[in-house]
Amino acid sequence: MENFEPVIVAFCCHYCAYTAADMAGSKRLCYPPNVKIIKVPCSGKVDAIHIMKALEMGADGVYVAGCLDGDCHFKNGNIGAAKRVAYIKKLLDEIGIGGERVEMVLMSAGMGERFAQTATEITEKIRKLGPNPVKSVNKAKTAA
Amino acid sequence: MITAERKPMEELIECLRPYHRILLVGCNECVTVCSAGGRKEVGILSSALQMAFMKEGKTLDVKEITLERQCDPEYVEELVTHIDQAEAVMSMACGCGVQEIAGRFKSKPVFPALNTTFMGASERQGVWVERCQGCGECVLALTGGICPIARCAKQLLNGPCGGSTNGKCEVDPDIDCAWQLIWDRLKALGLEDRYEDNIAAKDWRTGRGGGPRKIIREDLVK
Numbered sequence: 044m045e046n047f048e049p050v051i052v053a054f055c056c057h058y059c060a061y062t063a064a065d066m067a068g069s070k071r072l073c074y075p076p077n078v079k080i081i082k083v084p085c086s087g088k089v090d091a092i093h094i095m096k097a098l099e100m101g102a103d104g105v106y107v108a109g110c111l112d113g114d115c116h117f118k119n120g121n122i123g124a125a126k127r128v129a130y131i132k133k134l135l136d137e138i139g140i141g142g143e144r145v146e147m148v149l150m151s152a153g154m155g156e157r158f159a160q161t162a163t164e165i166t167e168k169i170r171k172l173g174p175n176p177v178k179s180v181n182k183a184k185t186a187a
Numbered sequence: 002m003i004t005a006e007r008k009p010m011e012e013l014i015e016c017l018r019p020y021h022r023i024l025l026v027g028c029n030e031c032v033t034v035c036s037a038g039g040r041k042e043v044g045i046l047s048s049a050l051q052m053a054f055m056k057e058g059k060t061l062d063v064k065e066i067t068l069e070r071q072c073d074p075e076y077v078e079e080l081v082t083h084i085d086q087a088e089a090v091m092s093m094a095c096g097c098g099v100q101e102i103a104g105r106f107k108s109k110p111v112f113p114a115l116n117t118t119f120m121g122a123s124e125r126q127g128v129w130v131e132r133c134q135g136c137g138e139c140v141l142a143l144t145g146g147i148c149p150i151a152r153c154a155k156q157l158l159n160g161p162c163g164g165s166t167n168g169k170c171e172v173d174p175d176i177d178c179a180w181q182l183i184w185d186r187l188k189a190l191g192l193e194d195r196y197e198d199n200i201a202a203k204d205w206r207t208g209r210g211g212g213p214r215k216i217i218r219e220d221l222v223k
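These protein sequence lines map, in sequence, to chains Y and H. If you read the first sequence in our numbering, its first letter stands for residue 44, the second for the next number, and so on. If you read the second sequence in our numbering, its first letter stands for residue 2, the second for the next number, and so on.
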C-alpha cells in the first residue's frame, strides 16, 4: 500500500481541460504522472460506460474535466457530463467500489494551475482510498 | 411505451451469486427508449456486475446480447447459439421479455434485471409518466383525450372527488387532478356539455378483472 501508485484516467474536454493541461506543461507546472489524459471533443461525449470500463479495466480513479458553467462550446455538454458522473457515483456506491473514485471537475482553457492542482488533489485522494478492489482479480486474469 | 427501472444492484448480485457464466439480454424496444434495458444499459450493468463480483474475488463471465424485441419468439430464437454456454440468463426487458425467454429455454434460470412499471409517455428527457392502464375499453373519446383511469388516483369516471385542490390531486401535490385537466380540455374544445353526461359504470372484465387477456386476429393467425 505504501508503494501504491494509482492509475487515474482523466477525460479532458478539447476546449478547456485538455488545453489547460497543455498550458500547465508550457508553464512547466508539475503534476503527478499518474494521470492519463484522454482527449474528448466535449465532456458531454463521455458516457457512463466509458467511466465504468476504465474502472473495470483497473483504473483506480476517473475524472471528467469540462468547461466552466455556461462556457461549454456545445452549450450544455458539461452539465450532461456532471449528471452522468453523479449517476455513476451512485452505481459505484451500490456495488461497493465507492463513488468517491469518480469526480467531475470544471476549468477553463487558461487554468493551467487549476489543472495541475486538480490532478495533484485527485491523485492524493485516490492514493488514500487505496487500489481499486477489482484490480487484484484483473491481475490474476492476466497472469492466467 | 412500457417503462421500467433497474432493480437495486444488491438484488441482482444476489440472484447471480451461484453462477459464473451468464447471458445478459437487452431489448431494442420500449426499454431502450426509457433508458432502462437497451444496449447501453446492458453494457453498464455488465460492467457493474463484473466489478461487484471481482471485488469479492470472484469472476463472472457476461455475454452481452441485445435483441430487436424480447417479446417476439422470432428474435428470442437468436439466443439459441449462446444459451448453452450460459448457466443463467438475466433479462433487461420488461416482464414480457423475461417470460418469453423463460418459456423458450425451460432448463435455464431467467432473472429480471428491471422492475416493469407502467405504460407511459415521455414528458421530457429523462421523465416518463403513466398514461394508460390498458383497461380494454378506451374512454378517451368521452374525456377530452385525458384518461381518468390512468391519471386519476381513484379512477373516477364522473368528475373529481373532494380531494381535488387548485387542480392538484390530494394523493400528491405534484400530480395533476385528471378531472381538472379533463374539464379544462373540454372547455377549450367548447364541449362543456359533455361534462354533464354520465359515463356508465365500467365493465372491468375487459381489463385485469377478467384475468389474463388474449387478442386473436383470425385473419392473421396461422
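Virtual Cβ for every residue (Gly too), placed ideally from N, Cα, C. All of these numbers come straight from a predicted model, not from anything done at the bench.
- Residue-level contact check: residue 39 (chain H) does not touch chain Y, since none of the beta carbons of chain Y fall below 8 angstroms from its beta carbon.
- Residue 96 (chain H) and residue 118 (chain H) have their C-alpha atoms spaced approximately 10 angstroms apart.
- The beta carbons of residue 161 (chain H) and residue 178 (chain H) sit about 5 angstroms from each other, so the pair counts as a contact at 8 angstroms.
- Ranking H:47, H:98 and H:67 by CA distance to the CA of residue 111 (chain H) puts H:98 first.
- Here residue 56 (chain H) is buried: its Cβ has 16 or more other Cβ atoms, across all protein chains shown, within 10 Å.
- In terms of Cβ geometry, residue 121 (chain H) and residue 2 (chain H) form a close pair [threshold 8 angstroms].
- When C-beta atoms of the region 81-92 of chain H are compared with those of the region 23-34 of chain H, three or more pairs fall below 8 angstroms, so the two segments count as touching.
- Taking 3 residues as the shortest admissible run, the region 30-95 of chain H contains the following complete beta strand (DSSP E) segments, listed from N- to C-terminal end: 62-68 and 89-92.
- Taking one beta carbon from each stretch, the region 37-50 of chain H and the region 73-80 of chain H have fewer than 3 pairs nearer than 8 angstroms; the two do not touch.
- For residue 183 (chain H), the enclosing alpha helix (DSSP H) covers residues 179-189.
- Leaving aside the five residues that flank residue 66 (chain H) on each side, the residues in its chain whose CB is nearer than 6 angstroms to its CB run, in chain order, 26.
- The three-state secondary structure of residue 86 (chain Y), taken from DSSP, is helix.
- Beta-bridge partners of residue 121 (chain H) (DSSP): H:131.
- From the beta-carbon of residue 98 (chain Y), the residues of chain H found nearer than 7 angstroms are 52.
- The alpha-carbon of residue 80 (chain Y) is positioned some 26 angstroms away from that of residue 139 (chain Y).
- Per DSSP, residue 214 (chain H) is not a residue of any beta strand (DSSP E), being assigned neither H nor E.
- Sequence-distant Cβ neighbours of residue 48 (chain H) in its own chain, meaning closer than 7 angstroms and more than five residues away, do not exist here.
- Annotation for residue 54 (chain Y): the continuous beta strand (DSSP E) segment containing it runs 51-56.
- For residue 108 (chain Y), the uninterrupted beta strand (DSSP E) segment begins and ends at 104-109.
- Distance from the CA atom of residue 47 (chain Y) to the CA atom of residue 12 (chain H), rounded to whole angstroms, is 33 angstroms.
- Within a 10 Å sphere around the beta-carbon of residue 181 (chain H) sit 16 or more other beta-carbons, which makes this residue buried.
- Rounded to whole angstroms, the separation of the alpha carbons of residue 207 (chain H) and residue 215 (chain H) is 10 angstroms.
- DSSP places residue 25 (chain H) inside the beta strand (DSSP E), whose first and last residues are 22-28.
- Close partners of residue 9 (chain H) in chain Y (Cβ separation under 9 angstroms): 137.
- About 7 angstroms separates the beta carbons of residue 103 (chain Y) and residue 144 (chain Y), which is inside the 8 angstroms limit, making them a contact pair.
- Taking CB atoms only, residue 223 (chain H) has no neighbour in chain Y less than 8 angstroms away.
- In this structure residue 30 (chain H) is buried. Its beta-carbon is surrounded by 16 or more other beta-carbon atoms within 10 angstroms.
- A residue is called buried when at least 16 other Cβ atoms come within 10 angstroms of its Cβ; residue 87 (chain Y) meets this threshold and is buried.
- Residue 7 (chain H) sits close to residue 115 (chain H), with the two beta carbons spaced by under 8 angstroms.
- For residue 36 (chain H), no chain Y residue has a C-beta closer than 7 angstroms to its own C-beta; the minimum C-beta separation is roughly 10 angstroms.
- Cα atoms of residue 136 (chain Y) and residue 10 (chain H): separation of roughly 10 angstroms, rounded to the nearest angstrom.
- Listed along chain Y is no residue with a C-beta nearer than 8 angstroms to that of residue 66 (chain H); the closest approach is about 16 angstroms.
- Contact between residue 163 (chain Y) and residue 75 (chain Y) holds, with the beta-carbon distance rounding to 6 angstroms and staying under 8 angstroms.
- In this structure, the alpha-carbon of residue 56 (chain Y) lies about 18 angstroms from that of residue 69 (chain Y).
- Within 8 angstroms of the CB of residue 134 (chain Y), the CB atoms of chain H belong to 10, 45 and 49, in sequence order along the chain.
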